[in-house]
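Some notes on the structure that comes next.
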Amino acid sequence: MKVLVVGSGGREHALAWRISLGDRVSKVYVAPGNAGTFAEKSIENVHIQSDDIRSLADFAKSNGIDYTVVGSESPLEKGIVDLFLEEGLFILGPVKSLARLETSKVFAKDFMSRHSIPTAPYKCFDNAVDAHAYIDQLTFDFVIKSDGLAAGKGVFLPDSKEESHKIVDDLITELVLGDSGSSVVIEERISGDEISFIILTDGENIETLATSQDYKRLQTGDLGPNTGGMGANSPSSLMTPELYARIMREIVDPTMSGIVHDYGMSYSGFLYFGIMVSDNGDPFLLEYNCRLGDPETQVLLMRLVSDLNEIFFSAVHQKMGSISRIEWDTRHAVVVILASEGYPSNPIIGRPVLSIPKDMPSFKIFHSGTRYEKDEILTSGGRVFCVTALGETVRMAQKNAYDMISGVYFSGMQYRSDIGYKAIKDHY
């Protein structure tokens, strides 16, 4: 069986690696991939950019690809699933109209409101003057979000009204994020802890994946700007049977029925629910992602016991009801992101990686922003490596990950020193 994975980050490296371990898999292609996927056995990089959906469809047809997995969000926004289905190709992911749940924050918040899904109170603006006037009225802490895709860097947590006004001007007037920031959502900031709750559905059957918790702020202690994610741990220490039941009843079920009601079709693929569990224990939906999270994927796939290829194959053929429940390693997993100097605003890339340790059964380094050039690994993005480890406890998994980091070096490397602390705090 031959599989195509679309994307170039740590998530796609983890997906390709785990799929390649499947009993029936002969080859995994990654488009465009990175230096890590290049080095893996049974994985081959394809020199096609992830948003060149026409070339990807042609490649899938000419190479007899059995199914394609979309890792990143940009191809979904461009309609890769629609194109592949029109061409008679099997692909895992939602069609473009449903991917708007991720690609437009305004669309998503209006959907949540329409279907009575618990979320923070909000208002949407495409005019800076109106946004400024609204901010001046507010007496509570709030969040400003760009409407469109921003690689995880479109959420702002201002500390003052002055900073808020500057963010609005930067987004709507100066268009620092391009059209992605021409409209914004301003919503109340809910105090609590986040949980990443991900499902996989074939349009009829739903399988919930193991829970996880990511760390979005750049610096240790949850300081600094938001990023695409600086680390994660799995499972989440927040999850209880009661919370799980509430999330399914109050958030997941109304989302799935709302999609059918509004669009007359069911959702297929991954759906990621970014949930804030308030200080009172109530779940509020912050956002949807229409694909797996990054870096959550890395900790999930380190813990996965089941054959990922068989899970995906059943999903694209609408036969998830016939497979056994997904099995997970009972151990904890922690991933720490090693980022380039200047990330997230202005990462310095092109620096050589001078050392990197070999993988072991309970340790793996997934590449994110790397490339090969003249037999040398160079940094090529803001997030460079995803150092991932298992442990019998979250504290042990954390220690194992940080011990492994000591063997990695490139100039300007930055990372948080506290990934996993939320779970450790809850456990101990």
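Its first residue numbered 1, the sequence shown is counted upward by one per residue in UniProt numbering. We treat Cβ as the ideally placed atom computed from N, Cα and C, and that holds for glycine.
- [ ] Spatial neighbours of residue 411 within its chain, please: CB distance less than 6 angstroms, with the 5 preceding and 5 following residues excluded, ordered by chain position.
- [x] As a working note, residue 411 is residue 411 in the sequence shown. Short of 6 angstroms from the beta carbon of residue 411, and not among the five residues preceding or following it, lie these beta carbons of its own chain, in chain order: 351.
Task: Range of the contiguous alpha helix (DSSP H) that encloses residue 400 - done: Position 400 of the sequence shown, counting from 1, holds the residue named residue 400. Bounds of the alpha helix (DSSP H) holding residue 400 are 394–405.
Task: With 16 other Cβ atoms within 10 Å as the buried cut-off, status of residue 295 - done: Working through the sequence shown from its first residue, we reach residue 295 at position 295. When all chains shown are included, residue 295 counts as buried.
Open item on the list: Checking the sheet assignment: what are the DSSP bridge partners for residue 376?
Closed with: Walking along the sequence shown from the start, residue 376 turns up at place 376. Note: residue 376 sits in a beta bridge opposite 373.
Open item on the list: Can you check which of these residues, 128, 175, 36, is closest to residue 365 by C-alpha distance?
Closed with: Numbered from 1 along the sequence shown, position 365 holds the residue referred to as residue 365. Closest by alpha carbon: 36.
TODO: Report yes or no: do three or more beta-carbon pairs, one from the stretch 379–391 and one from the stretch 326–335, lie closer than 8 angstroms?
DONE: Taking 8 angstroms as the limit for Cβ pairs, the verdict is that the stretch 326–335 does touch the stretch 379–391.
Task: Whole-angstrom distance between residue 130 and residue 360, CA atom to CA atom - done: Mapped onto the sequence shown, residue 360 falls at position 360. Mapped onto the sequence shown, residue 130 falls at position 130. Counting only the Cα atoms, residue 130 lies some 55 angstroms from residue 360.
Task: Buried versus exposed call for residue 283 [16 or more other C-beta atoms within 10 Å across all chains shown] - done: Taking the sequence shown and counting its residues from 1, the one referred to as residue 283 is at position 283. By the 10 Å Cβ count, residue 283 comes out buried.
- [ ] State buried or exposed for residue 276, treating a residue as buried only when at least 16 other CB atoms are found within 10 Å of its CB.
- [x] Residue 276 sits at position 276 when you count from the first residue of the sequence shown. Label assigned to residue 276: buried.
Task: Terminal residues of the alpha helix (DSSP H) in which residue 103 lies - done: Your numbering for residue 103 matches position 103 in the sequence shown. 96–103 is the extent of the alpha helix (DSSP H) around residue 103.
Open item on the list: Assess contact between the stretch 223–237 and the stretch 142–159, defined as three or more Cβ pairs (one per stretch) separated by less than 8 angstroms. Is contact present?
Closed with: Yes: at least three Cβ pairs fall under 8 angstroms.
Open item on the list: What does the alpha-carbon distance come out to for the pair residue 163 and residue 46?
Closed with: Position 163 of the sequence shown, counted from the first residue, corresponds to residue 163. Position 46 of the sequence shown, counted from the first residue, corresponds to residue 46. Cα-Cα distance, rounded: 43 angstroms.
Task: Same chain, Cβ closer than 8 angstroms to residue 250, neighbours up to 5 away in sequence not counted - done: What you label residue 250 is simply residue 250 of the sequence shown in a count that begins at 1. Counting only Cβ-Cβ distances below 8 angstroms, and skipping sequence neighbours, we find 117, 118, 283.
TODO: Verify whether the separation of the beta carbon atoms of residue 15 and residue 301 is less than 9 angstroms.
DONE: Taking the sequence shown and counting its residues from 1, the one referred to as residue 15 is at position 15. Taking the sequence shown and counting its residues from 1, the one referred to as residue 301 is at position 301. In contact: residue 15 and residue 301 (Cβ atoms closer than 9 angstroms).
Open item on the list: I'd like the ranges of any beta strand (DSSP E) spanning at least 3 consecutive residues and lying wholly in the stretch 70–130.
Closed with: Qualifying beta strand (DSSP E) stretches, in chain order: 122–125.
TODO: Compute the distance between the beta-carbons of residue 270 and residue 1, then report whether it is under 9 angstroms.
DONE: Working through the sequence shown from its first residue, we reach residue 270 at position 270. Working through the sequence shown from its first residue, we reach residue 1 at position 1. No, they are not a contact pair.
Open item on the list: Rounding to the nearest angstrom, what Cα-Cα distance links residue 109 and residue 381 in this structure?
Closed with: On the sequence shown, position 109 is the one that residue 109 refers to. On the sequence shown, position 381 is the one that residue 381 refers to. C-alpha separation (whole angstroms): 30 angstroms.
TODO: Using a threshold of 9 angstroms, state whether the C-beta atoms of residue 57 and residue 89 are closer than that.
DONE: By one-based count along the sequence shown, residue 57 stands at place 57. By one-based count along the sequence shown, residue 89 stands at place 89. In this structure, residue 89 lies closer than 9 angstroms to residue 57 by Cβ.
TODO: Have a look at residue 55 and residue 87 and give me their C-alpha separation to the nearest angstrom.
DONE: Taking the first residue of the sequence shown as 1, we reach residue 55 at position 55. Taking the first residue of the sequence shown as 1, we reach residue 87 at position 87. If you take the alpha carbons of residue 55 and residue 87, they lie about 12 angstroms apart.
TODO: Within the stretch 317–353, note down every full beta strand (DSSP E) run reaching 3 residues or more, in order along the chain.
DONE: Runs of the beta strand (DSSP E) inside the stretch 317–353: 332–339.
Open item on the list: Just to confirm my understanding: we take residue 194, look at its own chain, exclude 5 residues before and 5 after, and list those with CB closer than 6 angstroms. What are they?
Closed with: As a first step, residue 194 is located in the sequence shown; it is residue number 194 there, counting from the start. So the qualifying residues of the chain are 276.
Open item on the list: Looking at the strands, I want to know which residues DSSP matches up with residue 201.
Closed with: For this step, residue 201 is matched to residue 201 along the sequence shown. Looking at the DSSP assignment, residue 201 forms a beta bridge with 206, 269.
Task: For residue 262 and residue 124, the rounded distance between their alpha carbons - done: Position 124 of the sequence shown, counted from the start, is the residue given in the question as residue 124. Position 262 of the sequence shown, counted from the start, is the residue given in the question as residue 262. Their backbone Cα atoms lie some 21 angstroms apart in a straight line.
- [ ] Grab me the residues of residue 13's own chain with a C-beta within less than 6 angstroms of its C-beta, minus the 5 sequence neighbours each way, in chain order.
- [x] In the sequence shown, the residue the question calls residue 13 occupies position 13. Only 36, 37, 366, 367 meet the Cβ criterion.
Task: Uninterrupted beta strand (DSSP E) stretches inside the stretch 166–235 (no shorter than 3 residues) - done: Runs of the beta strand (DSSP E) inside the stretch 166–235: 184–188, 192–201, 206–208, 217–219, 223–226, 231–234.
TODO: Could you name each continuous beta strand (DSSP E) segment of 3 residues or more that falls completely within the stretch 129–165, going from the start of the chain to the end?
DONE: Secondary structure within the stretch 129–165: the beta strand (DSSP E) runs of 3 or more consecutive residues, fully enclosed, are 142–146 (chain order).
Open item on the list: With the cut-off set at 9 angstroms, would you say residue 202 and residue 317 are in Cβ contact?
Closed with: By 1-based counting over the sequence shown, the position of residue 202 is 202. By 1-based counting over the sequence shown, the position of residue 317 is 317. Yes; because the gap between Cβ atoms is below 9 angstroms, this pair is in contact.
Open item on the list: Determine whether the beta carbon atoms of residue 307 and residue 9 lie at a separation below 9 angstroms.
Closed with: The residue labelled residue 307 in the question sits at position 307 within the sequence shown. The residue labelled residue 9 in the question sits at position 9 within the sequence shown. No, the Cβ-Cβ distance between residue 307 and residue 9 is not below 9 angstroms.
TODO: Compare the beta carbon distance of residue 53 and residue 27 with 9 angstroms and say whether it is the shorter of the two.
DONE: Here residue 53 refers to the residue found at position 53 when the sequence shown is read from its first residue. Here residue 27 refers to the residue found at position 27 when the sequence shown is read from its first residue. With respect to residue 27, residue 53 sits apart: the two C-beta atoms are not nearer than 9 angstroms.
TODO: Within the same chain, show all residues whose beta-carbon is closer than 6 angstroms to that of residue 65, passing over the 5 residues directly before and after it, in chain order.
DONE: As a working note, residue 65 is residue 65 in the sequence shown. Excluding positions up to five away in sequence, the list reads 2, 4.
Task: Cut-off 7 angstroms between Cβ atoms - residues of its own chain near residue 95, not counting five sequence neighbours on either side - done: On the sequence shown, residue 95 is found 95 positions in, with the first residue counted as 1. Contacts found: 81, 82.
TODO: Measure the CB-CB distance between residue 199 and residue 128 and report whether it falls below 9 angstroms.
DONE: Taking the first residue of the sequence shown as 1, we reach residue 199 at position 199. Taking the first residue of the sequence shown as 1, we reach residue 128 at position 128. Not a contact, by the Cβ cut-off of 9 angstroms.
Task: For residue 299, the nearest candidate out of 214, 347, 339 (CA to CA) - done: Within the sequence shown, residue 299 is the residue found at index 299, counting from 1. Closest option to residue 299, Cα to Cα, is 214.
Open item on the list: Suppose you measure from the CA of residue 205 to the CA of residue 166; what does that come to, to the nearest Å?
Closed with: Along the sequence shown, read from residue 1 onward, the residue named residue 205 stands at position 205. Along the sequence shown, read from residue 1 onward, the residue named residue 166 stands at position 166. Each residue's Cα considered, the two are about 45 angstroms apart.
TODO: Could you please give the first and the last residue of the uninterrupted alpha helix (DSSP H) stretch that includes residue 260?
DONE: By 1-based counting over the sequence shown, the position of residue 260 is 260. First-last of the alpha helix (DSSP H) with residue 260: 253–263.
Open item on the list: If distances are taken between C-alpha atoms only, which option among 353, 190, 385 comes closest to residue 374?
Closed with: For this step, residue 374 is matched to residue 374 along the sequence shown. The option with the nearest alpha carbon to residue 374 is 353.
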